[in-house]
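Residue numbers (the working numbering), protein chains in the order written: chain A, 1 to 180; chain B, 1 to 175; chain C, 1 to 213.
Don't be surprised by glycine CBs; every beta carbon is placed ideally from N, CA and C.
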Amino acid sequence: MALGKLIQVDTYTVSTPVGSVILGGGSSGSSGLNVSIDTNDVYMVVWYNVHSSVDAEFWFRVTKSGTGDTSANYDYADKLFNPAGFGRRGVTGDTKTHLENISLQSNQEQGNGISYLYNFNDANELSYYTYEQSNRNISGQSSAPVGGCVHTVRSASDGVLFTLSTGNITHGTFTLYKQV
Amino acid sequence: MSALRFIKEQEISGTTSVSITDVFSSDFDVYCLTGTNISSNSSSHDNVQARLIDESGTIKTSSYDTAQQDGAPEAAISAILGTNASSFGLGSFMTSDLEPESLAMTWWIFNPYSTSSYTYAYWQGGGTLAGLGRMRKGVGVLKSTDRITGFHIYQNNTARLLNSGHLRVYGLSIN
Amino acid sequence: MVDRSNEFGYTPSSPSQTKNNTGVFSVGDVTDLLSTKQYGGSVELIAEESYSVAKGSIDFTSIQEDKYDVHMLQLHNIDFDTGSYNQPGIRLFESGVLESGGVYRLSRQDLFYNNTEQTSSSTTDTSIRLMVDLGTATAETRSLYVYLYNLGNANKHSICSFHGVASEGTTKMRVSYGSAMLPQASTVDGIRIFPISGGNFTKYDIKVYGIKK
């Protein structure tokens, strides 16, 4: 009998405002479980109900030895799904993946999404990830960048970090799974 | 224990619309819904739309914002947009046609049961129709904090019936 | 099914119980829960293969198409030895016979690092073209997920959707997503993954899952 193969690795739900959330990343992880992305499996990250204390950009980074990598090595491309009209981005040399612009829970402006992580545990490969989202941005618009990113340095990544351009994350649940 | 948990299945058999009810609860915040092997009884293809159902059993018919890409193998990709619409958009559950032409979709749905959040979703799928095909990828939100407990699909033309296939709902567990 | 709900461990929250929860599943408990699809999770691994030697195609021919309406593939870290504008493709086996005719349909969106895009559309492809070609740089890999639907239903067409990321070297990334169809009423009982422009795989880790129905 084949048992289910989507296994939870780490999770964190924001209960008091925080500057960032780390899933995996060993002892730097927000959950305190001291787990890492440490196998060659495909991993899946899910986030939802993410709000900020002020209007802010919502960012995604990879972690290297538990620290969010802020080097200018994120290249990403996506289609912006928006009822007001589609947009597009192609960005090279960014210091993060800019997922969305979010805001207060009272404004119902939040982020939700799923990302698949590839090659994270391989020190000889680039870390890749897809992202698909459904959000409401600081303009009150349904909005969702859908695409993918490559971290352009051949090195292992042991986790992911969510943060904001300013302010704190006030709400949200973030969970890391591996697909074995 | 694996994280994707089966909740409920709804077989489709000879109806203009199909509801799968009592699937969203406090047990999960994120759900996966699949639609497979879905065909209609008519050789005139028809768009299938998606809506949500609240805890009183009311199908929500307003306040959807949506953006979709409609990809035609014989043409280019076009946009289907909607603001304060009556559903997640035209063809948000693809387009149905007579068997063997069929459609399949995967939806991810966020926060349906929460009364402090809108319900968000994204979807992707495809189908064959009229001897051709279609890709559909979309994003949407129901701008209501009503507690949502079910999912509903319907055809534009009520004279045509969805007569085969399944809807299945899974919850993504977080422990 | 005998109601043993007062025995099971509930997460995330427990109901009000009048008896102690043992948190232990007996063999009978497991059997009962399996019968209602409530045990073991819904993502089941069917097959997997990782690179060991170069090969020109990878076939999965025991995909339990009678058991699953939805198959999910994870194509992880794919690379080829023929680097000139190559990409991974899928062909499907229908009752054991590989379909390689110009019958596949495709609608695909490609997005690039330099903020450009293109679409790929076809009604006469000889395979499902999953990603935009990469060029000739070394170490070009692709990773993507693929959903395949309706494979085991002989009365329906088979449908595919996919989403992935690739990079030509370290400077030219791209994203592809889309859907494809095999518009033939047939039982699909196998999947072939191969480099469309020829050559051999030099890297891959591929897993085939079924989403339990």
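Residue i versus the options, residue with shortest Cα-Cα distance
{"i": "residue 197 of chain C", "options": "C:126, C:163, C:180", "result": "C:126"}
{"i": "residue 72 of chain B", "options": "C:188, C:70, C:109, C:164", "result": "C:109"}
{"i": "residue 180 of chain C", "options": "C:149, C:200, C:187", "result": "C:149"}
{"i": "residue 85 of chain C", "options": "C:70, C:156, C:166", "result": "C:166"}
{"i": "residue 186 of chain A", "options": "A:27, A:38, A:107, A:34", "result": "The structure shown has nothing for residue 186 of chain A, since chain A only spans 1 to 180."}
{"i": "residue 117 of chain B", "options": "A:176, A:10, A:54, A:172", "result": "A:172"}
{"i": "residue 43 of chain A", "options": "A:79, A:127, A:136", "result": "A:127"}
{"i": "residue 169 of chain C", "options": "C:71, C:50, C:47, C:79", "result": "C:79"}
{"i": "residue 21 of chain B", "options": "B:167, B:29, B:173", "result": "B:167"}
{"i": "residue 76 of chain B", "options": "C:211, C:51, C:120", "result": "C:120"}
{"i": "residue 61 of chain A", "options": "A:15, A:18, A:23", "result": "A:23"}
{"i": "residue 40 of chain A", "options": "C:205, C:210, C:209", "result": "C:205"}
{"i": "residue 36 of chain A", "options": "A:168, A:51, A:67", "result": "A:67"}
Buried versus exposed, by CB contacts within 10 Å (16 or more), residue i
{"i": "residue 175 of chain B", "result": "exposed"}
{"i": "residue 179 of chain A", "result": "buried"}
{"i": "residue 100 of chain A", "result": "buried"}
{"i": "residue 181 of chain A", "result": "Since the first and last residues shown for chain A are 1 and 180, residue 181 of chain A lies out of range."}
{"i": "residue 57 of chain C", "result": "exposed"}
{"i": "residue 110 of chain A", "result": "buried"}
{"i": "residue 32 of chain A", "result": "exposed"}
{"i": "residue 203 of chain C", "result": "buried"}
{"i": "residue 212 of chain C", "result": "buried"}
Beta-carbon contacts of residue i that lie in its chain and below 7 Å, excluding the five residues immediately before and after
{"i": "residue 42 of chain B", "result": "98, 160"}
{"i": "residue 96 of chain B", "result": "38, 39, 40, 45, 46, 48, 103, 155, 162"}
{"i": "residue 101 of chain C", "result": "126"}
{"i": "residue 200 of chain C", "result": "54, 55, 56, 80, 81"}
Own chain residues within Cβ distance below 8 Å of residue i, not counting five before or after
{"i": "residue 87 of chain C", "result": "129, 130, 131, 132, 133, 134, 142, 195, 196, 197"}
{"i": "residue 119 of chain B", "result": "52, 109, 110, 111, 112, 141, 142, 144, 148"}
{"i": "residue 171 of chain C", "result": "113"}
Separation of residue j from residue i, as counted between CA atoms
{"i": "residue 58 of chain A", "j": "residue 98 of chain A", "result": "6 Å"}
{"i": "residue 90 of chain A", "j": "residue 148 of chain A", "result": "10 Å"}
{"i": "residue 151 of chain B", "j": "residue 81 of chain C", "result": "47 Å"}
{"i": "residue 166 of chain A", "j": "residue 61 of chain B", "result": "37 Å"}
{"i": "residue 31 of chain B", "j": "residue 5 of chain B", "result": "9 Å"}
{"i": "residue 84 of chain A", "j": "residue 54 of chain C", "result": "48 Å"}
{"i": "residue 139 of chain B", "j": "residue 163 of chain C", "result": "15 Å"}
{"i": "residue 144 of chain C", "j": "residue 76 of chain C", "result": "7 Å"}
{"i": "residue 85 of chain B", "j": "residue 182 of chain C", "result": "33 Å"}
{"i": "residue 153 of chain A", "j": "residue 160 of chain A", "result": "15 Å"}
{"i": "residue 88 of chain B", "j": "residue 27 of chain A", "result": "42 Å"}
{"i": "residue 101 of chain B", "j": "residue 82 of chain B", "result": "27 Å"}
{"i": "residue 107 of chain A", "j": "residue 23 of chain B", "result": "27 Å"}
{"i": "residue 140 of chain C", "j": "residue 18 of chain B", "result": "45 Å"}
{"i": "residue 9 of chain B", "j": "residue 169 of chain B", "result": "6 Å"}
{"i": "residue 48 of chain A", "j": "residue 87 of chain A", "result": "23 Å"}
{"i": "residue 18 of chain A", "j": "residue 92 of chain A", "result": "28 Å"}
{"i": "residue 10 of chain A", "j": "residue 21 of chain A", "result": "11 Å"}
{"i": "residue 99 of chain C", "j": "residue 71 of chain C", "result": "18 Å"}
{"i": "residue 59 of chain C", "j": "residue 74 of chain B", "result": "29 Å"}
{"i": "residue 190 of chain C", "j": "residue 62 of chain C", "result": "7 Å"}
Sequence-distant residues of the same chain with beta carbon closer than 6 Å to residue i, five excluded per side
{"i": "residue 114 of chain A", "result": "46, 132"}
{"i": "residue 122 of chain B", "result": "108, 139"}
{"i": "residue 80 of chain B", "result": "68, 70, 89, 90"}
{"i": "residue 146 of chain C", "result": "73, 162"}
{"i": "residue 173 of chain C", "result": "113, 167"}
{"i": "residue 69 of chain A", "result": "61, 62"}
{"i": "residue 129 of chain A", "result": "115, 117, 149"}
Three-state class that DSSP yields for residue i in the structure shown
{"i": "residue 68 of chain B", "result": "strand"}
{"i": "residue 86 of chain B", "result": "coil"}
{"i": "residue 168 of chain A", "result": "coil"}
{"i": "residue 107 of chain C", "result": "strand"}
{"i": "residue 155 of chain B", "result": "strand"}
{"i": "residue 112 of chain A", "result": "strand"}
{"i": "residue 107 of chain A", "result": "helix"}
{"i": "residue 46 of chain C", "result": "strand"}
{"i": "residue 55 of chain C", "result": "strand"}
{"i": "residue 130 of chain B", "result": "coil"}
{"i": "residue 23 of chain B", "result": "coil"}
{"i": "residue 1 of chain A", "result": "With a pLDDT of 38 at residue 1 of chain A, under the threshold of 50, the modelled position of this residue cannot be trusted, and the question is left open."}
{"i": "residue 10 of chain B", "result": "strand"}
{"i": "residue 42 of chain B", "result": "coil"}
{"i": "residue 80 of chain B", "result": "strand"}
{"i": "residue 109 of chain B", "result": "strand"}
{"i": "residue 125 of chain B", "result": "strand"}
{"i": "residue 13 of chain C", "result": "With a pLDDT of only 46 at residue 13 of chain C, under the threshold of 50, the placement of this residue in the model should not be trusted, and no figure is reported."}
{"i": "residue 69 of chain A", "result": "coil"}
Scan the region 10-42 of chain A for residues whose Cβ lies nearer than 9 Å to a Cβ of chain E and list them as they occur along the chain.
-> You won't find chain E in this structure, because its protein chains are A, B and C.
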